[in-house]
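So the sequence shown is numbered by this note's numbering: it starts at 826 and just counts up by one. Beta carbons are placed, not taken as given, at the ideal position from N, Cα and C, and that holds for glycine. Only a predicted model underlies this, so the values are computations on that prediction, with no experimental measurement involved.
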Amino acid sequence: MANKENASLFVEHLRKSGINCLYHFTSRRNLESIKRHGGLYSWWYLDNHGITIPCPGGNDFSKQLDLYNGLQDYVRLSLCPDHPMAYRLKQAGEDIVVLRISLDVVELKETLFSDMNATDSCHHHGGSLEDLKRINIPATQRRFVRRDDPDFKALQAEIMPKTFIPSKYILNLNCA
826 MANKENASLF VEHLRKSGIN CLYHFTSRRN LESIKRHGGL YSWWYLDNHG
876 ITIPCPGGND FSKQLDLYNG LQDYVRLSLC PDHPMAYRLK QAGEDIVVLR
926 ISLDVVELKE TLFSDMNATD SCHHHGGSLE DLKRINIPAT QRRFVRRDDP
976 DFKALQAEIM PKTFIPSKYI LNLNCA
């Protein structure tokens, strides 16, 4: 996996902003599959390789939006451990686990950055340091943000590594 030019500047920006890791929420039922397959994969990769997981994320509409935006082969990470979509799954009775992901994934050449949920029609995404700096990091660190709050969309900013995040980047996989 190749790195971006000036890769260390990406991690440095996040660390200076108080970010020490990234997050991926999933159902506890998916942990065994994540371990067995050696990490986290995009939904596109899973579908195209016949890999089924007990509780896949997203729905048909979000997958259509991913296809429209060319983002179907990216794994979604957040900068906040309390993601609104995780809250909705918890309310529906799902046992959610929040995986902590090493900041090293931001250095990977094909990792993209979105200033809000990348399915939102107002989002901006790209792979440059400027795209990373477009993320409103203070907004991503707020907790219990209501839908009508001006920071609600910014809270859902995404870091999107392409296709696969190997287990070595998942800091708490064996503790979850």
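**OP:** Write down every uninterrupted run of the alpha helix (DSSP H) in the region 866–926 whose length is 4 residues or greater and which is fully enclosed by it, in chain order.
**Re:** Listed in chain order, they are 868–873, 885–894 and 909–916.
Original post:
Distance, Cα to Cα, glycine 882 vs serine 833?
Top reply: Each residue's Cα considered, the two are about 31 Å apart.
Subject >> N-terminal and C-terminal residue of the beta strand (DSSP E) that threonine 851 is part of >> reply: Its beta strand (DSSP E) spans residues 847–852.
**OP:** Assign glutamate 830 to one of two classes, buried (16 or more other C-beta atoms within 10 Å of its C-beta) or exposed (fewer than that).
**Re:** Under this definition glutamate 830 is an exposed residue.
Subject >> Beta-carbon contacts of leucine 956 that lie in its chain and below 6 Å, excluding the five residues immediately before and after >> reply: One detail in the question is off: residue 956 reads as aspartate in this sequence, not leucine. Excluding sequence neighbours, aspartate 956 sits near Phe938.
Subject >> Continuous beta strand (DSSP E) stretch holding proline 991: start and end >> reply: From DSSP, the beta strand (DSSP E) with proline 991 extends over 989–991.
Original post:
In whole angstroms, what is the alpha-carbon distance linking serine 858 and leucine 980?
Top reply: One C-alpha to the other measures close to 28 Å.
Subject >> 8 Å contact criterion, which leucine 902 and tyrosine 848 should meet: CB distance rounded >> reply: Indeed they touch by this definition, with Cβ atoms about 6 Å apart.
Subject >> Nearest candidate by alpha-carbon position, reference methionine 776, set Arg968, Asn894, Ala917 and Leu996 >> reply: Outside the displayed range of the chain (826 to 1001) lies residue 776, so it cannot be described from this structure.
**OP:** To the nearest angstrom, report how far apart serine 852 and leucine 896 are at their CA atoms.
**Re:** C-alpha separation (whole angstroms): 22 Å.
Subject >> Contact check, aspartate 976 vs arginine 968, beta carbons under 7 Å >> reply: Going by C-beta atoms, aspartate 976 is not nearer than 7 Å to arginine 968.
Subject >> Limits of the alpha helix (DSSP H) - the one that leucine 996 falls within >> reply: Boundaries for leucine 996: no alpha helix (DSSP H) harbours it, and the DSSP string shows neither H nor E there.
Original post:
Under 7 Å, do aspartate 940 and alanine 982 count as touching if we go by C-beta distance?
Top reply: At a Cβ-Cβ threshold of 7 Å, aspartate 940 and alanine 982 count as neighbours.
Subject >> Whole-angstrom C-beta distance between isoleucine 995 and isoleucine 926, which should lie under 8 Å >> reply: In this structure isoleucine 926 touches isoleucine 995 by the C-beta definition: roughly 6 Å separates them, less than 8 Å.
Original post:
Does DSSP put asparagine 828 in a helix, a strand or coil?
Top reply: Three-state result, asparagine 828: strand.
**OP:** Go to serine 858, then tell me how far its beta strand (DSSP E) extends in each direction, as first and last residue.
**Re:** Looking at the DSSP string, serine 858 is not in any beta strand (DSSP E); the run it does join, the alpha helix (DSSP H), is 856–861.
Original post:
Comparing alpha-carbon positions, which option in Lys841, Arg971 and Asn997 lies nearest leucine 924?
Top reply: It is Asn997.
**OP:** Tell me where the beta strand (DSSP E) around phenylalanine 977 begins and ends.
**Re:** Where phenylalanine 977 is concerned, there is no enclosing beta strand (DSSP E), although the alpha helix (DSSP H) around it starts and stops at 977–980.
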